[in-house]
Amino acid sequence: MPLLEIRDLKKAYRAPDGTVEPVLHVPHFALEAEEQVALIGQSGSGKTTLLHAIAGILRPDSGAVLVDGLDLVGLSEGRRDAFRARQIGYVFQTFNLLQGYTALENVVLGMVFGAGADRPYAAELLQRLGMGDRLDYRPSQLSVGQQQRVALARALANKPRLVLADEPTGNLDPQRASEAIALLTSLCKERGAALLVVTHERSVLDAFERVVDLKEINLAARGAATAQGVHP
Amino acid sequence: MKALGGLLLIVRRSLRQHLLSTSVTVFSTAIAVGLVMSVFHLNAQTRQAFLLDGFGADAVLGARGSKLQLVLNSVFHLETSPGNIPWALYDEMRLDPRVAMAVPYAVGDNYRGFRIVGTTLELFERFEVARGKKLAVQPGGVVFDPNVREAVIGSVVAQNSDLRLGTLFQPRHGVVSSPVGEVIHPEEYQVVGVLEPTGTPIDRVIFIPIEGIFRMEGHELKGAGEPYKPEAGVAIPDEHKEVSAVLLKFHGGPRTGQQYDRQINMQGKEATLAFPLAQVLLEIFQKLGWMVQVLGTVAILVALVAGSSILAALYNTMNERRREFAILRALGAKRRTVSSAIVLESSAIALLGALGGLLVYGGIFGAAAYVVRKETGVVLDPLAYHPSLVLAPLGMVALGALAGILPALKAYSTDVAANLVPTS
Numbered sequence: 041m042p043l044l045e046i047r048d049l050k051k052a053y054r055a056p057d058g059t060v061e062p063v064l065h066v067p068h069f070a071l072e073a074e075e076q077v078a079l080i081g082q083s084g085s086g087k088t089t090l091l092h093a094i095a096g097i098l099r100p101d102s103g104a105v106l107v108d109g110l111d112l113v114g115l116s117e118g119r120r121d122a123f124r125a126r127q128i129g130y131v132f133q134t135f136n137l138l139q140g141y142t143a144l145e146n147v148v149l150g151m152v153f154g155a156g157a158d159r160p161y162a163a164e165l166l167q168r169l170g171m172g173d174r175l176d177y178r179p180s181q182l183s184v185g186q187q188q189r190v191a192l193a194r195a196l197a198n199k200p201r202l203v204l205a206d207e208p209t210g211n212l213d214p215q216r217a218s219e220a221i222a223l224l225t226s227l228c229k230e231r232g233a234a235l236l237v238v239t240h241e242r243s244v245l246d247a248f249e250r251v252v253d254l255k256e257i258n259l260a261a262r263g264a265a266t267a268q269g270v271h272p
Numbered sequence: 004m005k006a007l008g009g010l011l012l013i014v015r016r017s018l019r020q021h022l023l024s025t026s027v028t029v030f031s032t033a034i035a036v037g038l039v040m041s042v043f044h045l046n047a048q049t050r051q052a053f054l055l056d057g058f059g060a061d062a063v064l065g066a067r068g069s070k071l072q073l074v075l076n077s078v079f080h081l082e083t084s085p086g087n088i089p090w091a092l093y094d095e096m097r098l099d100p101r102v103a104m105a106v107p108y109a110v111g112d113n114y115r116g117f118r119i120v121g122t123t124l125e126l127f128e129r130f131e132v133a134r135g136k137k138l139a140v141q142p143g144g145v146v147f148d149p150n151v152r153e154a155v156i157g158s159v160v161a162q163n164s165d166l167r168l169g170t171l172f173q174p175r176h177g178v179v180s181s182p183v184g185e186v187i188h189p190e191e192y193q194v195v196g197v198l199e200p201t202g203t204p205i206d207r208v209i210f211i212p213i214e215g216i217f218r219m220e221g222h223e224l225k226g227a228g229e230p231y232k233p234e235a236g237v238a239i240p241d242e243h244k245e246v247s248a249v250l251l252k253f254h255g256g257p258r259t260g261q262q263y264d265r266q267i268n269m270q271g272k273e274a275t276l277a278f279p280l281a282q283v284l285l286e287i288f289q290k291l292g293w294m295v296q297v298l299g300t301v302a303i304l305v306a307l308v309a310g311s312s313i314l315a316a317l318y319n320t321m322n323e324r325r326r327e328f329a330i331l332r333a334l335g336a337k338r339r340t341v342s343s344a345i346v347l348e349s350s351a352i353a354l355l356g357a358l359g360g361l362l363v364y365g366g367i368f369g370a371a372a373y374v375v376r377k378e379t380g381v382v383l384d385p386l387a388y389h390p391s392l393v394l395a396p397l398g399m400v401a402l403g404a405l406a407g408i409l410p411a412l413k414a415y416s417t418d419v420a421a422n423l424v425p426t427s
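Same order as they appear, the protein sequences are chains A and B. The first sequence begins at 41 in our numbering and counts up one residue at a time. The second sequence begins at 4 in our numbering and counts up one residue at a time.
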């Protein structure tokens with residue numbers, strides 16, 4: 041049984057003029073445990089919406105998102121939140137670190153809603169990512185690369201089985217992008233987590249075991265003109 | 004339970020991030036809580052103190068006139084004396100078997116603003132300043148000899164004047180101190196005792212033998228109608244003596260007091276009996292009751308404004324914090340966790356304000372107690388229990404929690420997906 045399996049997933053948004061714009065229609069997609077997959081697609085092809093649906097942040101209109109056999113679509117919002125906190129790590133495109141909190145607190149906050157706060161483990165994780173001397177720094181005091189490491193540590197803090205990353209190299213130059221992806225993939229491998237990365241950076245694709253073009257699995261994205269500009 | 008640590012971290016960080024608005028809101032909340040506690044507790048304590056709970060006299064007999072003036076003058080040692088009554092009236096009372104205690108007061112002099120009261124030893128022997136508590140002289144001192152120019156002073160007099168055990172002093176004429184044209188009596192009195200503090204107006208009084216007042220140079224006795232000047236070494240006939248007031252305690256309780264009330268106030272024309280004492284003073288509080296109500300209403304309105312300021316301060320931050328809430332939600336925080344953090348934050352602001360309110364209360368009550376003690380000798384205790392000391396802080400925290408509900412609803416309804424997208 042795959043770790044993640046998507047069946048006939050559909051999501052549409054209502055445009056301001058009242059027309060319904062389909063964003064996602066994924067008949068089938070699967071990810072094995074500890075597998076590392078890159079999902080490529082143009083801007084507006086529904087990448088972020090797909091990740092949100094997998095993470096349970098939004099509920100699709102229909103279909104199933106099975107993680108370890110459990111259909112997230114059928115769960116209440118509260119149970120999806122709890123499941124996400126325990127089983128899924130998320131790296132956002134802009135890192136989405138909380139500005140008023142230190143690097144360590146950002147990582148700890150990633151744990152309190154899941155397995156529970158474990159400051160020594162959070163500190164150890166940051167140390168492993170070369171951030172040992174920046175534990176008490178706030179995001180605004182860190183470089184972009186350092187912020188990304190904190191975001192990565194936060195995503196892995198709950199020892200998730202699945203890590204989702206949305207354009208994690210979007211703000212980095214090609215060299216740093218490759219380094220970041222190498223770190224991400226090696227850490228996930230080390231921690232036994234499957235990795236699904238959404239990216240449009242073709243230079244980093246070699247690092248992945250499998251590359252999937254969203255156009256191939258998302259029928260709604262095939263008419264790019266339809267999807268463009270409706271929703272990310 | 005495990006999310007509680009996260010909640011507290013979110014609250015702490017938010018309070019720190021919005022330090023200025025947090026400080027202003029906490030300050031206004033502290034003022035509100037302090038005001039509510041002070042107004043209600045001060046009112047309760049002054050009522051208790053001035054309604055003479057436990058005071059060792061049932062009534063005061065004095066010159067015909069205002070009962071209130073009589074009580075203020077003879078019990079609180081404020082105001083001027085309404086006049087004197089003949090010694091014979093005091094004697095009549097003293098010898099009446101229905102009277103358990105009759106303590107005469109003769110007033111008219113002061114020392115540095117502290118009133119001098121001429122009295123008899125019965126004051127020290129029978130009068131109870133509070134239930135079961137007689138006046139006591141501090142170690143090293145004694146009660147005055149009624150035939151010698153000796154004085155016993157109250158504890159506040161000892162603290163706030165140059166009078167100490169053994170000090171000689173000359174009384175000044177008049178019940179208030181007058182820096183210009185002060186008449187100093189030539190008689191010298193020696194302090195032989197300092198009273199233990201009582202927390203009552205007695206602490207501000209200098210007691211001397213009543214004979215001393217009669218014989219003070221410049222005093223004239225008009226007990227018999229015609230002025231009489233006592234001569235040294237010659238006993239003063241009782242018909243010439245007069246007293247300013249008599250503190251009375253009756254056998255038989257209120258019934259005896261009512262009999263005297265009818266006898267003296269309705270049928271007699273010579274004197275006034277202030278009975279029951281609490282009733283006389285209650286009239287003041289009834290007259291001033293509206294003022295206490297206004298103050299109480301203002302204090303409660305200030306508390307409501309403080310609650311509203313918590314609501315406004317939090318609500319104004321909701322837009323800028325939508326992304327923060329979305330991130331927390333994406334990290335697995337439930338809607339109710341995020342909204343609970345907001346209610347917890349508003350409660351924390353109110354709690355900090357309530358704690359600050361204790362300081363404000365201490366300041367207001369301390370200042371008021373100082374003035375009351377200085378002016379009347381009555382001691383107000385800020386640490387004495389009053390329901391407002393518990394209800395005001397708890398009520399403020401509840402109001403703070405209530406104020407957090409609207410912002411919390413806004414946080415609750417945050418659209419996670421829409422607020423996670425890059426803003427640049």
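Just so it is clear, CB atoms sit at the ideal spot from N, CA and C, and this is done for glycine as well.
In this structure, B/GLU214 keeps its C-beta atom at 8 Å or more from the C-beta atom of B/ALA227.
Scanning the region 138–170 of chain A for uninterrupted alpha helix (DSSP H) segments of 4 residues or longer gives 143–152, 159–168, listed from N- to C-terminal end. Around the Cβ of A/GLU207, a 10 Å sphere holds 16 or more other Cβ atoms; the residue is buried. Pairing B/MET219 with B/TYR263, the inter-Cα distance amounts to about 33 Å. With a cutoff of 8 Å on beta-carbon distance, A/LEU44 and A/ILE80 are scored as not near each other.
The beta carbons of B/GLY407 and B/ILE345 sit closer together than 8 Å. Inter-segment contact for the region 121–130 of chain B and the region 36–53 of chain B is absent: fewer than three beta-carbon pairs are separated by less than 8 Å.
Of all residues in the region 143–157 of chain A, only GLU145, LEU149, GLY150, VAL152, PHE153, GLY154, GLY156, ALA157 place a beta-carbon less than 7 Å from a beta-carbon of chain B.
Within the region 128–197 of chain B, the complete alpha helix (DSSP H) segments at least 4 residues long are 158–163, listed from N- to C-terminus. For A/ALA70, no Cβ of chain B is located within less than 8 Å of the residue's own Cβ. Taken atom to atom, the span from the alpha-carbon of B/ILE313 to that of B/GLU323 is near 17 Å.
For the region 335–356 of chain B, residues whose beta-carbon sits nearer than 9 Å to a beta-carbon of chain A comprise GLY335, ALA336, LYS337, ARG338, ARG339, THR340. Close to A/ILE257, with beta-carbon spacing below 8 Å, lies no residue of chain B; the smallest spacing is near 20 Å. A/GLU45 has A/ALA70, A/LEU106 as its beta-bridge partners, per DSSP. Assigned with DSSP and collapsed to three states, A/GLN76 falls in strand. Around the CB of B/ASN319, fewer than 16 other CB atoms lie within 10 Å, so the residue is classed as exposed. Nearest Cα to A/ILE221 within the set A/ARG189, A/PRO200, A/ARG231, A/LEU202: A/ARG189. For the pair A/ASP121 and B/VAL308, the Cα-to-Cα distance works out to about 37 Å.
B/LEU73 counts as buried, since no fewer than 16 other beta carbons sit within 10 angstroms of its beta carbon. Distance from the CA of B/GLN266 to the CA of B/ALA60, rounded to the nearest whole angstrom, comes to 19 Å. DSSP, read as helix, strand or coil, puts B/MET219 in coil. DSSP, read as helix, strand or coil, puts A/TYR130 in strand. By the criterion of a C-beta distance shorter than 6 Å, B/ARG326 is surrounded in its chain by ASN422, once the five residues flanking it on both sides are discounted.
Taking 9 Å as the cut-off between beta carbons, the residues of the region 110–144 of chain A near chain B are GLU117, GLY118, ASP121, ALA122, PHE123, ARG124, ALA125, ARG126, ILE128, TYR130, PHE132, GLN133, THR134, ASN136, LEU137, LEU138, GLN139, GLY140, TYR141, in sequence order. As computed with DSSP, A/LEU204 is found in a beta bridge with A/TYR130, A/LEU236.
In the DSSP assignment, B/VAL63 is bridged to B/LEU250, B/ALA277. Assignment of beta-bridge partners to B/MET104 by DSSP yields B/LYS252.
Taking all protein chains in view, the Cβ of A/VAL107 is crowded by 16 or more other Cβ atoms within 10 Å, so the residue is classified as buried. Residue contact with chain A for B/VAL14: absent (no Cβ-Cβ distance below 8 Å to any residue of chain A). For the region 388–420 of chain B, the residues whose beta carbon sits under 7 Å from a beta carbon of chain A are, in order, VAL419, ALA420.
In the three-state DSSP reduction, B/VAL110 falls in the strand class (E or B).
The Cβ-Cβ distance between B/PRO174 and B/ILE88 does not fall below 8 Å.
With respect to chain B, the C-beta atom of A/ILE97 has a partner C-beta closer than 8 Å. Interface with chain B (8 Å Cβ-Cβ cutoff): A/HIS92 is included. Here the region 38–52 of chain B does not lie against the region 78–85 of chain B, with fewer than 3 beta-carbon pairs under 8 Å apart. Using a Cβ-Cβ cut-off of 8 Å, B/GLN20 counts as an interface residue toward chain A, since at least one Cβ of chain A sits closer than that to its own.
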